[in-house]
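Peer 1: Counting in the working numbering, the sequence shown runs from 0 upward without gaps. We treat Cβ as the ideally placed atom computed from N, Cα and C, and that holds for glycine.
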Amino acid sequence: MKFKEFLKRKNIVISAKRYGVDAMGAMAQGLFCTLLVGTILNTLGSQLNLAFLTNPVVVVSETVSYTIGQLASLMVGPAMAVAIGYALQCPPLVLFSLIPIGYGTNLLGGAGGPLAVLVIAIVASECGKAVSKETKVDILVTPIVTILAGMGLAYLIAPALGAAADAVGSFIRWATELQPFIMGILISVVVGIALTLPISSAAICMTLTLTGLAGGAAVAGCCAQMIGFAVMSFKENRWSGLVSQGIGTSMLQMGNIVKNPRIWIPPIVASAITGPLATCVFKLQMNGAPVNSGMGTCGFCGQIGVYTGWVSDVAAGTKAAITAFDWIGLILISFVLPAILCWAGGKLLRKIGWIKDGDLKLN
0 MKFKEFLKRK NIVISAKRYG VDAMGAMAQG LFCTLLVGTI LNTLGSQLNL AFLTNPVVVV
60 SETVSYTIGQ LASLMVGPAM AVAIGYALQC PPLVLFSLIP IGYGTNLLGG AGGPLAVLVI
120 AIVASECGKA VSKETKVDIL VTPIVTILAG MGLAYLIAPA LGAAADAVGS FIRWATELQP
180 FIMGILISVV VGIALTLPIS SAAICMTLTL TGLAGGAAVA GCCAQMIGFA VMSFKENRWS
240 GLVSQGIGTS MLQMGNIVKN PRIWIPPIVA SAITGPLATC VFKLQMNGAP VNSGMGTCGF
300 CGQIGVYTGW VSDVAAGTKA AITAFDWIGL ILISFVLPAI LCWAGGKLLR KIGWIKDGDL
360 KLN
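1. Comparing C-alpha positions only, which one of THR141, LEU114, LEU107 sits nearest to LEU94?
2. If you compare alpha carbons, which of ILE98, GLU133, GLY29, VAL190 is closest to ILE146?
3. Measure from the alpha carbon of VAL130 to the alpha carbon of each residue in ILE119, SER169, LEU331, VAL144, then state which is nearest.
4. For ALA15 and chain C, any beta-carbon pair shorter than 8 Å?
5. Assuming MET299 and ILE246 make a contact with CB atoms under 8 Å, what is their CB distance in whole Å?
6. With H, G and I counted as helix, E and B as strand and the rest as coil, what does DSSP make of SER64?
7. Given 8 Å as the limit, is there contact between the segment 13 to 22 and the segment 261 to 276, that is, 3 or more CB pairs closer than that?
8. Using a Cβ-Cβ cutoff of less than 7 Å, which residues in the same chain neighbour THR33 once the five nearest sequence positions on both sides are dropped?
9. Between the segment 204 to 211 and the segment 233 to 252, are three or more C-beta pairs nearer than 8 Å?
10. Take the Cβ of LEU47 as the centre, count every other Cβ of all protein chains shown within 10 Å, and call the residue buried at 16 or more, exposed below.
11. Taking the alpha helix (DSSP H) that ALA50 belongs to, which residues open and close that run?
12. Can you tell me where the alpha helix (DSSP H) with LYS346 in it begins and where it stops?
13. Using beta-carbon positions only, say whether VAL310 and THR42 come within less than 8 Å of one another.
14. Is MET225 helix, strand or coil by DSSP?
15. Report all residues from its chain with a CB closer than 8 Å to the CB of LEU196; omit the five preceding and five following residues, and keep chain order.
16. For the pair the segment 282 to 299 and the segment 197 to 206, tell me if three or more CB-CB distances fall below 8 Å.
17. Please report the residue range of the alpha helix (DSSP H) in which ALA148 lies.
18. Can you have a look at ILE138 and say buried or exposed, based on whether 16 or more other CB atoms are within 10 angstroms of its CB?
19. Assuming the contact rule is C-beta atoms closer than 8 Å, ILE267 and PRO337 should be a hit. Round their C-beta distance to whole Å, please.
20. If we ignore side chains and look at the alpha-carbon of each, how far apart do ALA360 and GLY240 end up?
21. So ALA153 and ILE192 are in contact, right, with Cβ under 8 Å, and what is the actual spacing, rounded?
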């Protein structure tokens, strides 16, 4: 009983929602504000020849320098850790101590760094909260305990966690290359559902490094949900709903899905159709930052990620050029097909009474 009271007093809530929903969702925002924004700025700078984005703003040595976008991307580890700490409602001394933990853990975790940051930032946050304001020298004790707990754990398990996440991601990518039709359906449906659920599809894709054809299928699934719900609910929500769901998030429909799960059928069916089309017909690949795979049309990040991948592939010589077929595939998978399929599906379900007026209304 005393231990439960201690946890309550320290605001340490051990639950799937806090760690799997709140923390992961916040981590995705940290990813967005650093790695994703950094990638966008680098792409804008190189494509538009903007000197202030392509010239280094920090020069460490003759061989090491950073542009604005590169600096933003470099801070992805600290941003993820601090975002997680914020979601866990850490006091300031704990929150700021997560900065070096996030940086070190992300480096130690390698390609699977985000998973390592998620796990270790949660543990470090709760350790720091446990000792916060328990001594008269809190300004020393809390940061020291938080950093030692986080970095000690990172040294022990971050490489293994990162390798495990990377292995799972590698298996998914391999399976998608081997069975593009089946995996196209599976990835598109699962990641699309994750995007609409109150969890982070972006964080999942980043953690598992879903790139290549697997990333393309993920983009298809996310777009099917966002564009699908935006078009299906246009009758109820008009233009504001079209924008808020189409380039915002389909998660806004979660309350309505709980009331009437049948409204989820058209976007899920659409994702099951566009996913294999992306992998088998258009060979849509996400070779940009993996976080883009789980963003869909949110801020058009999914499309920007695919485009930056094309640019990188052309520069590396692995792709001859960006073709008209590439653009047609991206537009059809991202916008046109989800809109048509979900409009038709929604109309059919309204006709048979499975969806009624007001079922898709956003408050």
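Peer 2: By the coordinates alone:
1. THR141
2. ILE98
3. VAL144
4. The structure shown contains no chain C; it is built from a single protein chain.
5. Checking the sequence, you will find Phe at residue 299 rather than Met. Confirmed, Cβ separation roughly 7 Å.
6. strand
7. no
8. ALA71, SER72, MET74, VAL75, ALA78
9. no
10. exposed
11. 50 to 53
12. 336 to 350
13. yes
14. helix
15. MET250, MET253
16. yes
17. 137 to 177
18. exposed
19. ILE267 to PRO337, Cβ: 11 Å. No contact.
20. As written in the sequence, residue 360 is Lys, which differs from the Ala given in the question. The alpha-carbon atoms of LYS360 and GLY240 are separated by roughly 9 Å.
21. Incorrect: roughly 32 Å between the Cβ atoms, too far for contact.
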